[in-house]
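K.L.:
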Ligand SMILES: [Zn+2]
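Numbering (my numbering), first residue to last: 78 to 250.
#1: Tell me residue 108's beta-bridge partners as DSSP assigns them.
#2: Under DSSP, the beta strand (DSSP E) around residue 200 begins and ends at which residues?
#3: As a quick exercise: from 168, 185, 186, 161, pick the residue whose alpha carbon is nearest that of residue 174.
#4: Just to confirm before moving on: does the CB-CB distance between residue 22 and residue 82 stay below 7 Å?
#5: Could you tell me whether any non-hydrogen atom of ligand 1 is closer than 6 Å to the CB of residue 122?
#6: Please work out which residues of its chain come closer than 7 Å, Cβ to Cβ, to residue 132, disregarding the five sequence neighbours upstream and downstream, and give them in chain order.
#7: The alpha helix (DSSP H) with residue 85 in it runs from where to where?
#8: Considering only residues of the same chain and omitting the five flanking positions on each side of residue 171, which have a CB-CB separation below 8 Å?
#9: Does the Cβ-Cβ distance between residue 98 and residue 188 come in under 7 Å?
#10: If you reduce the DSSP assignment to three classes, tell me which class residue 207 lands in.
#11: Please report the distance separating the alpha-carbon of residue 110 from that of residue 211.
#12: Measuring only from the beta carbon, is residue 112 closer than 6 Å to any heavy atom that is part of ligand 1?
#13: Applying the 10 Å Cβ sphere with the 16-neighbour rule, what's the burial state of residue 250?
#14: In chain order, which continuous runs of the beta strand (DSSP E) of length 3 or greater are located wholly inside the stretch 132 to 185?
#15: Have a look at residue 93 and residue 201 and give me their C-alpha separation to the nearest angstrom.
#16: Tell me whether residue 120 is buried or exposed, calling it buried when 16 or more other Cβ atoms sit within 10 Å of its Cβ.
#17: Apart from the five residues just before and just after residue 208, which ones in its own chain have a Cβ nearer than 7 Å to its Cβ?
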């Protein structure tokens, strides 16, 4: 998901843009990563490049670790990340120091949020996803269900017994 920041980079430090993100596709083929995202991003021109403050909703299809059912869950990814110039600024010639950990602005003055989104998603999604916090899981679910059946049968029997009792007492009077 590329954002053109050419104009903002030519403005003075402190200049801002607000971006609305609607049904944007984020793709990283090398990770087989593909997501549709919604949200917003504030871009702030800083000395080293652009500071992105993003709030992104991401909806995932997950499998419950207990009952194995598939379910959808939406997570809010919220992050502030610096995107640093990787080529000298053509006007000011500035080129800040950066290392391989930094997110970079490419030579076409695009910044790409995809990798940041992928990384923040990994920290947001639980390692053991559950369909509901009360999920009792597969085995217990079956036991619970048969226990319910049993209860129903007992309820029917005790209802019958009560009915018979009443009929009997009717007979006596
Ligand atoms: Zn479950």
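Ideal Cβ placement from N, Cα and C applies to all residues, glycine included. Source: prediction; values computed, not measured.
P.N.:
According to the structure data:
#1: Looking at the DSSP assignment, residue 108 forms no beta bridge with any residue, so it has no partner.
#2: No beta strand (DSSP E) contains residue 200, which is instead part of the alpha helix (DSSP H) from 191 to 201.
#3: If we check each option's Cα against that of residue 174, 161 comes out closest.
#4: This structure gives no information on residue 22, because the portion of the chain shown stretches from 78 to 250.
#5: Residue 122 Cβ: outside cutoff for every heavy atom of ligand 1.
#6: Contacts found: 116, 117, 153, 155.
#7: Start and end: 83 to 86.
#8: Counting only Cβ-Cβ distances below 8 Å, and skipping sequence neighbours, we find 124, 162, 165.
#9: Cβ distance not < 7 Å, so residue 98 and residue 188 don't count as in contact.
#10: Residue 207 falls in the coil class under three-state DSSP.
#11: Spanning the two alpha carbons is a distance of roughly 30 Å.
#12: No.
#13: Any reading at residue 250 is ruled out, since the residue's pLDDT is 49, under 50, leaving its predicted position unreliable.
#14: For the stretch 132 to 185, whole beta strand (DSSP E) runs of length 3 or above, ordered along the chain, are 147 to 162, 180 to 182.
#15: Taking the straight line from one Cα to the other gives about 27 Å.
#16: Label assigned to residue 120: buried.
#17: Only 141, 144, 146, 148 meet the Cβ criterion.
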